[in-house]
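Chemist: My structure is below; once you've seen it, I'll send some questions.
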Amino acid sequence: MPQLPLTETLDKALQESIPDFAQLHSDDEFSVRTIEGLQALVASLLPLAREQERLAAGMLNDASFFSRLLPFLPAVHRLAEPAILLLLAGNAIARAGEITPGHYVSLEDYAQQTREPGSIDAPTAQPQTLESSSLWQTTGGLVAGALARVAKNSAEKSHNLRTPSRWGVRAVVMSNLGYSAAALGAGARPQGKTIGVYAGVWAAGVATALVAAKRKKVSQQMVPAVVFGGASSALTAALVSDESVFRSGSIAARGASHGANFLFAGESLTFARALLEEGIESKPHKRHVLKRGLYNVLGGVETTTSFIGHLLLADGLNRR
Numbered sequence: 003m004p005q006l007p008l009t010e011t012l013d014k015a016l017q018e019s020i021p022d023f024a025q026l027h028s029d030d031e032f033s034v035r036t037i038e039g040l041q042a043l044v045a046s047l048l049p050l051a052r053e054q055e056r057l058a059a060g061m062l063n064d065a066s067f068f069s070r071l072l073p074f075l076p077a078v079h080r081l082a083e084p085a086i087l088l089l090l091a092g093n094a095i096a097r098a099g100e101i102t103p104g105h106y107v108s109l110e111d112y113a114q115q116t117r118e119p120g121s122i123d124a125p126t127a128q129p130q131t132l133e134s135s136s137l138w139q140t141t142g143g144l145v146a147g148a149l150a151r152v153a154k155n156s157a158e159k160s161h162n163l164r165t166p167s168r169w170g171v172r173a174v175v176m177s178n179l180g181y182s183a184a185a186l187g188a189g190a191r192p193q194g195k196t197i198g199v200y201a202g203v204w205a206a207g208v209a210t211a212l213v214a215a216k217r218k219k220v221s222q223q224m225v226p227a228v229v230f231g232g233a234s235s236a237l238t239a240a241l242v243s244d245e246s247v248f249r250s251g252s253i254a255a256r257g258a259s260h261g262a263n264f265l266f267a268g269e270s271l272t273f274a275r276a277l278l279e280e281g282i283e284s285k286p287h288k289r290h291v292l293k294r295g296l297y298n299v300l301g302g303v304e305t306t307t308s309f310i311g312h313l314l315l316a317d318g319l320n321r322r
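If you count by the working numbering, then the sequence shown holds residues 3 to 322, one letter each, in order.
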């Protein structure tokens, strides 16, 4: 399909950015992991101009972000956020079997292959096919994530984020189980160190939910939501942190753990907005106006965090 002038310009700009990100290096472990995540994100964004589903998802994310930040079109994000994940699910299926930047071992290799076709024998990862169970497990995770987003937006519309719906929590759990099943199928297993880290984060979240429920900041239903939703998110994050599977392969694979962390952060932002929800629907005054502003900012950050998380995680599992 021939490119439109806008997508051609976008493609050129993304291609020109490769050398800058490819040359990033560090000896510090934390910085190395950060660079790997940044390069995985670049590899996920590079196909935007060529993969129409991914481009549409990116544009809807921008629309959703500004809809939340400047809510003069309040219905935009309610429709856009589930659609983003459905588009990513469609993208995974439509592009099955294709070689993408994320399949290469490094951005340097991809850049060289772009400059000199045939100079790189083969990318590190083999593309998933329509017969791959991992592809369908990941796609199921994205679809379940879209359903969870519908539930969250429905609760938000009625100022009831403090009372999570049961089907919404189940959708979050099912989304993470889909991702976890794909990671297990790839051979990933939780490692002791990461289990301890994510278990600690999960326990802190449960303790916070218990205190908030006791003080009636949120409903009692929030506690099991955090218990089960948080546990499923922690399991996914622990699995995709298995270095033997996700740090020895492609660019996309090295971004999987970052994607899981972004989703973990997104769930935390949902909880933070639930805590802010009390009083923002009452008669406006200075304190509530500021609270509403913060609520909107957190909502915008949350929608982008969720988009990046699902994008990196799905690519890491499908393009490993």
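C-beta atoms are modelled at their ideal positions from N, C-alpha and C, and glycine is treated no differently.
Because the structure is a prediction, the values reported are computed rather than measured.
Could you tell me the alpha carbon to alpha carbon distance between E53 and F74, rounded to whole angstroms?
Modeler: 30 Å
Chemist: On a CA-only basis, which of G60, E38 and I37 is nearest L47? Give me that one, please.
Modeler: G60
Chemist: Under 8 Å, do A185 and A45 count as touching if we go by C-beta distance?
Modeler: no
Chemist: From G104 to T238, what does the alpha carbon distance come to, in whole angstroms?
Modeler: 20 Å
Chemist: Would S108 and Q115 be called neighbours here (beta carbons separated by less than 8 Å)?
Modeler: no
Chemist: Let's test the definition: count the other Cβ atoms within 10 Å of the Cβ of G189 and tell me whether it reaches 16, buried, or not, exposed.
Modeler: G189 should be labelled exposed.
Chemist: Where does L319 sit, in a helix, a strand or coil, going by DSSP?
Modeler: helix
Chemist: At a cut of 8 Å, does the segment 195–202 reach the segment 164–177 through at least three beta carbon pairs?
Modeler: no
Chemist: Going by the CB atoms, is the gap between A85 and L144 shorter than 8 Å?
Modeler: no
Chemist: Are T305 and H79 touching if we call contact CB-CB under 8 Å?
Modeler: For T305 and H79, yes; Cβs fall inside 8 Å.
Chemist: Considering only C-alpha positions, which residue in the set A77, A24 and R56 is nearest to L88?
Modeler: R56
Chemist: Does Q222 pass the burial test, meaning 16 or more other C-beta atoms within 10 Å, or should it be called exposed?
Modeler: Exposed, since its Cβ has fewer than 16 Cβ neighbours within 10 Å.
Chemist: Taking the alpha helix (DSSP H) that A190 falls in, what are its first and last residues?
Modeler: It is not in any alpha helix (DSSP H) - A190 carries neither H nor E in the DSSP assignment.
Chemist: Within the same chain, show all residues whose beta-carbon is closer than 7 Å to that of H260, passing over the 5 residues directly before and after it, in chain order.
Modeler: The answer, listed in chain order, is G39, A42 and L314.
Chemist: Is S160 buried or exposed, if buried means 16 or more other CB atoms sit within 10 Å of its CB?
Modeler: exposed
Chemist: Rounded to whole angstroms, what is the Cα-Cα separation between S246 and K216?
Modeler: 42 Å
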